[in-house]
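Written out below as structure tokens is the structure these notes cover.
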Amino acid sequence: MTFQGWILILGFVAILLALTKPVGAWLFTLYEGRRTPLHIVLGPVERGFYKLAGIDPDAEQGWRRYALHMLLFNVALMAFTYAVLRLQGVLPGNPQGLAGLSPNLAFNTAISFTTNTNWQSYGGESTMSNLSQMLGLTIHNFLSAATGIALAFALFRGFARRESKAIGNFWADMTRVTLYILLPISIVYALFLIASGVPQTMAGVVDVQTLEGAKQSLLLGPVASQEAIKMLGTNGGGFFNANSAHPFENPTALTNLIQMLSIFLIGFGLTWTFGKAVGNTRQGWAILSAMLILFLAGVTVTYWQEAAGNPVLQRLGVAGGNMEGKEVRFGIAASALFSVVTTAASCGAVNSMHDSFTALGGMIPLFNMQLGEVVIGGVGAGIYGFLLFAILAVFVAGLMVGRTPEYVGKKIESREVKLAVLAIAVLPLMILGLTALSSVLQQGLAGPLNKGPHGFSEILYAFTSAVANNGSAFAGLTANTPYYNGLLGVAMWVGRFFIIVPMLAIAGSLAAKKYTPESAGSFPTTGGLWVGLLVGIILILGGLTFLPGLALGPIADHLAMISGKLS
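The structure is reproduced here in structure tokens:
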């Protein structure tokens, strides 16, 4: 580890902390449906959308109606994307003449981008046409991210409102988030990327002459516009197979830093928005503090392990850190930081090969996802996932003080606790169940390129990434098969919507409750004790739940590496 590496890590956190309140305040304005400076230009566009669709933005919905509209919207988008991908070969915007995707790959990809997972069982530049990238995929980068933020707003209203049957209007939330935060930032962001050297063109291939005089064909396309929302919306699907390790997606150290900042930007801001929504910004800072403790712990372990290097090579006299699978432009510190950022959020973009990390260095990205991706987390999804753990934490605290637990003025009763447990239990049941199934079936065992413990880790990582809606991979797994495309698609759908629906039910239940003021017997939920309890509950319920997978995979892999018996 180096001093410069730690300056990068601490500077990264400092910049985000400085941006937390401004971003959170802007999101709070959208949460309340108030005017912003952008309404002068975009207000008529917003009203035009409502008129075209026949929507009254002031007509609020109960949680069931909110959930139904959200599900129907996502199913329709998924079906549309499936059709675009299957018909790619006969649609325009296909300068390379690429064929349509197979049914199982189109199924997997359509679900992947609908659920904000952006898992890719294909190489983008050799599989997707420009039209498919823009119309089939980038549209989801905006709308799946907007869905996550809208759902977070719904849960915030559940905590903030008193004796109300409504939690907002799904269509209004979606429209405002897309128009007033995702779209404006993405436009400015894309222009910055273009200025930095990221391509933005409808051309498919450009032939150039290298310095040695040879001819080389460069694959291009509308990259910058997809890259911007890919990061801001914690999507992660790369235009190129190498993702953010590719110089056309991530050309400089500055673009690398901006990409990492943009992954966390909205997640940081939403913690402040929550505090403001419930009338106490200290609540938001307490949540962010717990998130940062977990994040910095993960970065420390990953950076330490990657900087220490491979012990097998060191015994052979090869000194230095682990540079296998890393871009020399970025080095170990920036690669380790990026790996933790992208898996702490539900992004999945990578600037290095996680499959080439040391055993414990690769365990942290895996562990981040197995916590439910609540360490900052995806846009919207991170904060509402974290609040599910907060409900369980305050329930435990209530047992300690011997009274009905309360959180931000709402009594947490058996209905909320049961629903929170139901949502959180989805992850271990799906991850461990599908990993176990794939570890015994021939179709599953045909996927890993490595045998033994690391091959198991590749399977475990794939299903963890799918259920957690992350999208990164230990890419030693051959996933473009009917078996993995089908099973991973189901995992992504369950991991997204089987958590969302119980969460919305909690929002509806809380909104209907009366406000309960704090008393001398209330457990404080803003101080260090609360932050420590949150961290502990997340590690116990989120981490130890997955101990069988963690023990059998990365730890066995680490022991094999130390003993020098890697296959």
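Here the working numbering is used: the first residue of the sequence shown is 43, the next is one more, and so on. Built from N, CA and C at the ideal position, the CB exists for glycine as well.
- A Cβ-Cβ distance of about 4 Å is found for the pair SER514 and GLY390, placing them in contact under the 8 Å criterion.
- For PRO407, the three-state secondary structure derived from DSSP is helix.
- In this structure, PRO353 sits away from SER381, with a CB-CB distance that is not shorter than 7 Å.
- GLY367 is a Cβ neighbour of MET395, given a cutoff of 7 Å.
- About 17 Å separates the Cβ atoms of ILE579 and PHE337, ruling out a contact at the 8 Å cut-off.
- For ASP249, the enclosing beta strand (DSSP E) begins and ends at 247 to 251.
- Secondary structure of LYS452 (DSSP, three-state): strand.
- A direct Cα-to-Cα measurement between ILE57 and ILE49 gives close to 12 Å.
- Ranked by Cα distance from ARG538, the options ALA266, VAL577 and GLY190 are led by GLY190.
- Here the C-alpha atom of LEU583 lies approximately 34 Å from the C-alpha atom of ALA287.
- Leaving aside the five residues that flank LEU133 on each side, the residues in its chain whose CB is nearer than 6 Å to its CB run, in chain order, LEU173.
- Membership of SER259 in the beta strand (DSSP E) is indicated by the continuous run 257 to 261.
- The beta-bridge partner set that DSSP reports for LEU519 consists of PRO490.
- Residue nearest to VAL543 within the set LEU303, ASP397, ILE271 and LEU193 is LEU193 (criterion: CA-CA distance).
- An exposed status is given to LYS257, since fewer than 16 other beta-carbon atoms sit within 10 Å of its beta-carbon.
- Shown here for LEU224: same chain residues with a beta carbon closer than 7 Å to its own, the five before and five after excluded, namely PHE184, ALA187, ALA188, ILE271, LEU274 and GLY275 in chain order.
- If you draw a straight line from the Cα of LEU461 to the Cα of ILE541, it is about 9 Å long.
- Proximity to GLN412 across LEU519, MET472, VAL459 and ILE335 peaks at MET472, based on C-alpha coordinates.
- By the criterion of at least three beta-carbon pairs nearer than 8 Å, the region 302 to 319 is in contact with the region 70 to 90.
- For PHE198, the closest alpha carbon among the candidates GLY570, THR315 and VAL360 is that of THR315.
- Using a 10 angstroms sphere on the CB of VAL219, the tally of other CB atoms reaches 16 or more, which defines it as buried.
- Rounded to the nearest angstrom, the Cβ distance from GLY489 to LEU519 is 5 Å, consistent with a contact under 8 Å.
- Secondary structure in the region 116 to 171: the alpha helix (DSSP H) runs of 4 residues or longer, each lying completely within the stretch, are 145 to 156 and 166 to 169 in chain order.
- Around the C-beta of ARG203, 16 or more other C-beta atoms lie within 10 Å, and the residue is accordingly described as buried.
- Secondary-structure assignment with DSSP links GLN46 through no beta bridge to anything.
- CA-CA distance, GLU369 to ILE51, rounds to 18 Å.
- Closest option to ARG89, judged by alpha-carbon separation, among TYR108, THR217, THR157 and ARG107: THR217.
- Pairwise C-beta distances place the region 108 to 124 out of contact with the region 238 to 248, as fewer than three of them are shorter than 8 Å.
- Distances from the alpha-carbon of MET43 to those of LEU581, GLY66 and ALA350 put ALA350 closest.
- CA-to-CA, the gap between GLY165 and ALA284 works out to about 8 Å.
- One alpha carbon belongs to LEU474, the other to ILE501, and they sit about 10 Å apart.
- Contact between the region 222 to 238 and the region 445 to 461 is absent, with fewer than three C-beta pairs closer than 8 Å.
- The way I'd put it, the region 92 to 103 doesn't touch the region 136 to 143; fewer than three beta-carbon pairs between them come closer than 8 Å.
- Within the region 195 to 247, the complete alpha helix (DSSP H) segments of 4 residues or longer fall at 212 to 219 and 225 to 238, listed in chain order.
- Going by beta carbons, THR180 and GLN301 fall outside the 7 Å limit.
- Judged by beta-carbon spacing, ALA435 lies beyond the 7 Å limit of MET545, meaning their Cβ atoms are not closer than that value.
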